[in-house]
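In full-length UniProt numbering, the protein residues as written are 1 to 934.
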């Protein structure tokens, strides 16, 4: 890939041009030569393109240019939520969208599980996927197994009417969030216990929203035709199209049924029924090895049964007899011809057999001298993934020659993981194109591409992509057809395929010269049940005012572009509240809207509030800026053996703390406020660490520089200021600040927030961050928790980052400083002192010239060319990003978000602030009303 050399990038017609390629457009029509121009995520031109008109050019001479492929059964997108690079196995196959879910789905989950992973329902899950951004797009089904297990557990029985209603409600919620339908996996417990009527009722809910029924059928062998009939019946009852996952005829005795199965599907289609299917191009399927056991045994619960199987000889004999003799169930052992040599073990947790991974059960038994049935039972009880050889190549060819058949990996994102043990996860699409299309000529390249792209897109209802056509989404792949080859096999199932050169998703390159880029343009492609009018960027509260139309437009466009859950904005003019609106959702899962009074964690905007409280104490003659902080506070340092107390700490003043000049540099060493677990353990106290523990530990650490020497942002310094307030007032930090700072200005709803979700205050938003961290709390110490809810200790951050407030609360506070002579909380001298330039390197450059930006007493101060001052403070924690600005024109602005990061931004405030301030500057007629009066 190369950049063009002439012209300004903003004036170029295309962001990407793909030139000299052979276009296979996804329609099935013969290939043709053309260039493709891409801009704003869309294909905007097909034809002859001057490379200099593009910011980036891909020379595709000798290569195929095609629409991206759809993995029709990609299991789950969750690995990409934790690590986007897991998509490498997909991208090297040309996959640009996965269909996630197969009976199981990422949501809904029990509230206890939600507390661990960070989401409970599909709306919240989608929000986190979009916030993280992915290398590929995702469509998602809601799993029947998922909702049945949530409502009924593992029970082997019919659902009651009440239980069915509960399951239907879960499906309804998922469909409205954007799921594309209901999926089943009917060979596995507990789904195997469900009746056709139960599944039809859930499919019916999906059908109400225009969704579909996707199924791993109840039987893929002896009762294949009956299973197809059931799938069609469920579609009829639910009034929904039907898609059959990984269509197969398992077992040599059933291979002849593939033509009958296809005939049944064709007959249904001839009647006007929309029925489709997918396959993967391997004759070995893949499943948990305990799926070879009759499902009736799992009715008591999987864990309980497998525990019994370890030592119960009679149970083992019964299981063996069923596998060898009993007909009428999905008997995978029988499907292999009762041949342990045909059952490869792709992965096992059994130490005895781990070195033989990739070999058959028979080979493992022989290598260890074990009885083959003992080997099998050990693999079952320890956990193993099996790859039985049950299918025929002829049937694979016959199936893929049907125009309604598309393709899947049956795995999804698995790069860098050892969990995927079937080569299909890394090789399905290249194997289909190289072995079956190029080498065997089973179907044409054009037909294969069409089925992998357009046909599949239609099956998952993403009609804006899947073809190379002007106006469609730019999901485009470029590959060397002659080189394209799968490399994964049973011994090395994680080998990447070769030949895929470039992959573009939504107009951004995610694979360049066969290498993964850092771009994450993939998003959730929501299904027909999602009401676009309820998207976060289309939802707002508060009064709509014509003068602020541009302000509204900027913020709503930003929220939409970056998939942000919610925001609140308030503006004052001459201490009058002239604008207050909420955007998006305070609680995505419950569709609770942000209002101007919604409470957010304001993070470090807490610091100017603390600074005001300190200055009040100075005005009361209880303190001075030059007092030594450790003459006010007395703590016993924790000194490790042979460590010495750094006496420079005795010189730290209140002024140093307020101006971040105390001597601690978190970039050079660490941020003390995020060492909760370590500090608690060292002092032998229950985690998380309270401020006293943190202070004792820090007194035993050396400073990073001499106090007063320079500026280095320090949360710990403001933690000390909170303790000064408590020492001099005899009140808790929160109590004093509420009584003396916030109540006098009318910001009465503010309080110190709580770390855990259970402590969420009334009217407080929820916080969204896709990452997990280790809990710092004793009850679940070091267990994975959502970053905003337990990976650090908010309550210990009271005086530097723990306040929750509304946007209107914050501009009330800022407005109290507008008229220094009349301020209800500080004198004019103190207000002026807050924005005064510090001496030395904190306020000046090395050459002695004044810095244009410096930190005063609790405010970050910027000077413009006219010498006017802007005082502001930002706040940032996982799940929140905020800013409060005191402008030189007498206006105050508070902007709060309930997320911090997006796929493109590490701090959302910085992504919108320049445009927002410009929009505020463009307001030509400021209202004379005061919304504070309301």
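All C-beta atoms, glycine included, are put in the ideal place defined by N, C-alpha and C.
Euclidean distance between Cα positions of residue 383 and residue 211: Here residue 383 is taken as the residue at index 383 of the chain shown, counted from 1. Here residue 211 is taken as the residue at index 211 of the chain shown, counted from 1. Using only the alpha carbons, I get a separation of about 35 angstroms.
At least three beta-carbon pairs within less than 8 angstroms, the stretch 425-443 to the stretch 399-407: Using a C-beta cut-off of 8 angstroms, the stretch 425-443 makes contact with the stretch 399-407, since at least three inter-stretch Cβ pairs fall below that distance.
Contacts around residue 744, its chain only, beta-carbon distance under 7 angstroms, and the 5 residues preceding and following it disregarded: On the chain shown, position 744 is the one that residue 744 refers to. 824 and 825.
Three-pair Cβ contact test at 8 angstroms for the stretch 493-510 versus the stretch 83-98: When Cβ pairs closer than 8 angstroms are counted between the two stretches, the stretch 493-510 is seen to touch the stretch 83-98, the count reaching three or more.
Run of the alpha helix (DSSP H) containing residue 170, from where it starts to where it stops: On the chain shown, position 170 is the one that residue 170 refers to. Where residue 170 is concerned, the enclosing alpha helix (DSSP H) starts and stops at 161-177.
Endpoints, alpha helix (DSSP H) assigned at residue 304: By 1-based counting over the chain shown, the position of residue 304 is 304. It spans 302-309 - the alpha helix (DSSP H) in which residue 304 sits, taken as one unbroken run.
C-beta atoms of residue 345 and residue 357 nearer than 8 angstroms: Indexing the chain shown from 1 puts residue 345 at position 345. Indexing the chain shown from 1 puts residue 357 at position 357. Yes. Within cutoff.
Extent of the continuous beta strand (DSSP E) to which residue 798 belongs: If you number the chain shown from 1, residue 798 lands on position 798. For residue 798, there is no enclosing beta strand (DSSP E); the enclosing alpha helix (DSSP H) covers residues 798-801.
Supposed close pair residue 916, residue 577 - CB separation, criterion 8 angstroms: In the chain shown, residue 916 corresponds to position 916, counting from 1. In the chain shown, residue 577 corresponds to position 577, counting from 1. That pair is no contact at about 17 angstroms.
Close-in-space but distant-in-sequence residues of the same chain around residue 659 (CB under 8 angstroms, 5 per side omitted): As a working mapping, residue 659 is identified with position 659 in the chain shown. Counting only residues of its own chain and dropping the five nearest sequence neighbours on each side, residue 659 has a CB closer than 8 angstroms to the CB of 711, 838, 842, 855, 856 and 857.
Supposed close pair residue 559, residue 583 - CB separation, criterion 8 angstroms: Walking along the chain shown from the start, residue 559 turns up at place 559. Walking along the chain shown from the start, residue 583 turns up at place 583. Indeed, because the Cβ distance is near 6 angstroms, the residues count as touching under 8 angstroms.
Closest Cα partner of residue 274 within the set 403, 173 and 679: The residue you call residue 274 lines up with position 274 of the chain shown. Of 403, 173 and 679, the smallest CA-CA separation from residue 274 is found for 403.
Buried versus exposed call for residue 526 [16 or more other C-beta atoms within 10 Å across all chains shown]: Locating residue 526 in the chain shown gives position 526, where the first residue counts as 1. With 16 or more Cβ atoms within 10 Å of its Cβ, residue 526 is classed as buried.
Residue 237 and residue 204 closer than 8 angstroms at C-beta: Walking along the chain shown from the start, residue 237 turns up at place 237. Walking along the chain shown from the start, residue 204 turns up at place 204. The criterion of a C-beta distance shorter than 8 angstroms is satisfied by residue 237 and residue 204.
Between the CA atoms of residue 150 and residue 481 - distance to the nearest angstrom: The residue given as residue 481 occupies position 481 in the chain shown. The residue given as residue 150 occupies position 150 in the chain shown. Rounded to whole angstroms, residue 481 to residue 150 spans 46 angstroms at the Cα level.
Alpha helix (DSSP H) runs wholly inside the stretch 722-768, at least 4 long, in chain order: Look at the stretch 722-768 and you find these whole runs of alpha helix (DSSP H), each 4 residues long or longer: 733-737.
Alpha carbon of residue 8 to alpha carbon of residue 877, nearest angstrom: Position 8 of the chain shown, counted from the first residue, corresponds to residue 8. Position 877 of the chain shown, counted from the first residue, corresponds to residue 877. Reliability of the predicted coordinates at residue 8 is poor, the pLDDT of 47 falling under 50, and the value obtained from them is presented with this limitation in mind. Going from the Cα of residue 8 to the Cα of residue 877 covers about 37 angstroms.
Beta strand (DSSP E) runs contained entirely in the stretch 840-895, provided each spans 3 or more residues: You should have 853-855, 860-863, 869-877 and 880-886.
Closest residue to residue 468 among 18, 920 and 934 (Cα-Cα distance): Sequence index remark: in the chain shown, residue 468 carries index 468 (1-based). Taking each of 18, 920 and 934 in turn and checking the Cα distance to residue 468, the smallest one comes out for 18.
Local Cβ density within 10 Å of residue 342, reported as buried at 16 or more and exposed below that: Locating residue 342 in the chain shown gives position 342, where the first residue counts as 1. Buried: at least 16 other Cβ atoms inside 10 Å.
Three or more C-beta pairs below 8 angstroms linking the stretch 679-696 and the stretch 628-641: The stretch 628-641 and the stretch 679-696 touch, with three or more beta-carbon pairs separated by less than 8 angstroms.
Whether residue 218 touches residue 186 by CB criterion (8 angstroms): Within the chain shown, the letter at position 218 stands for residue 218. Within the chain shown, the letter at position 186 stands for residue 186. Residue 186 sits close to residue 218, with the two beta carbons spaced by under 8 angstroms.
Inside the stretch 60-130 only - alpha helix (DSSP H) runs reaching at least 4 residues: Runs found: 78-82, 88-91 and 111-117.
DSSP bridge partner residues for residue 628 (one or two, in chain order): The count along the chain shown starts at 1 and reaches residue 628 at position 628. According to DSSP, residue 628 bridges with 653.
Terminal residues of the alpha helix (DSSP H) in which residue 214 lies: Position 214 of the chain shown holds residue 214. From DSSP, residue 214 is part of no alpha helix (DSSP H) but of the beta strand (DSSP E) over 212-216.
Contact set for residue 233: own chain, Cβ-Cβ below 8 angstroms, skip 5 residues either direction: For the purposes of this step, residue 233 is identified with residue 233 of the chain shown, where counting begins at 1. Excluding positions up to five away in sequence, the list reads 196 and 200.
Whole-angstrom distance between residue 297 and residue 763, CA atom to CA atom: Position 763 of the chain shown, counted from the start, is the residue given in the question as residue 763. Position 297 of the chain shown, counted from the start, is the residue given in the question as residue 297. Approximately 48 angstroms between the Cα atoms of the pair.
Residue 477 and residue 890 closer than 8 angstroms at C-beta: For the purposes of this step, residue 477 is identified with residue 477 of the chain shown, where counting begins at 1. For the purposes of this step, residue 890 is identified with residue 890 of the chain shown, where counting begins at 1. The answer is no: Cβ separation not under 8 angstroms.
First through last residue of the beta strand (DSSP E) which encompasses residue 355: Counted from its first residue, the chain shown places residue 355 at position 355. Careful: residue 355 lies outside any beta strand (DSSP E) and carries neither H nor E.
Run of the alpha helix (DSSP H) containing residue 563, from where it starts to where it stops: On the chain shown, position 563 is the one that residue 563 refers to. For residue 563, no alpha helix (DSSP H) run applies, since DSSP gives it neither H nor E.
Residue 2, buried or exposed, once every other Cβ within 10 Å from all chains shown has been counted against 16: For the purposes of this step, residue 2 is taken as the residue at position 2 of the chain shown. Here residue 2 scores only 36 on pLDDT, less than 50, and its place in the model is too uncertain to base an answer on.
Meets three-Cβ-pair contact criterion under 8 angstroms: the stretch 93-110 and the stretch 151-164: Short answer: they don't touch.
Residue 14 - DSSP class collapsed to helix/strand/coil: Here residue 14 corresponds to residue number 14 of the chain shown, with the count starting at 1. Three-state DSSP puts residue 14 in a strand.
Distance between residue 727 and residue 632 (C-alpha atoms, nearest Å): By 1-based counting over the chain shown, the position of residue 632 is 632. By 1-based counting over the chain shown, the position of residue 727 is 727. Their Cα atoms are separated by approximately 8 angstroms.
Exposed unless 16 or more other CB atoms sit within 10 angstroms - verdict on residue 923: Residue mapping note: residue 923 aligns to position 923 of the chain shown, counting from 1. Answer is buried; the Cβ neighbour count reaches 16.
CA-to-CA distance, residue 571 to residue 549, given in whole angstroms: The residue labelled residue 549 in the question sits at position 549 within the chain shown. The residue labelled residue 571 in the question sits at position 571 within the chain shown. For residue 549 and residue 571, the distance between alpha carbons rounds to 14 angstroms.
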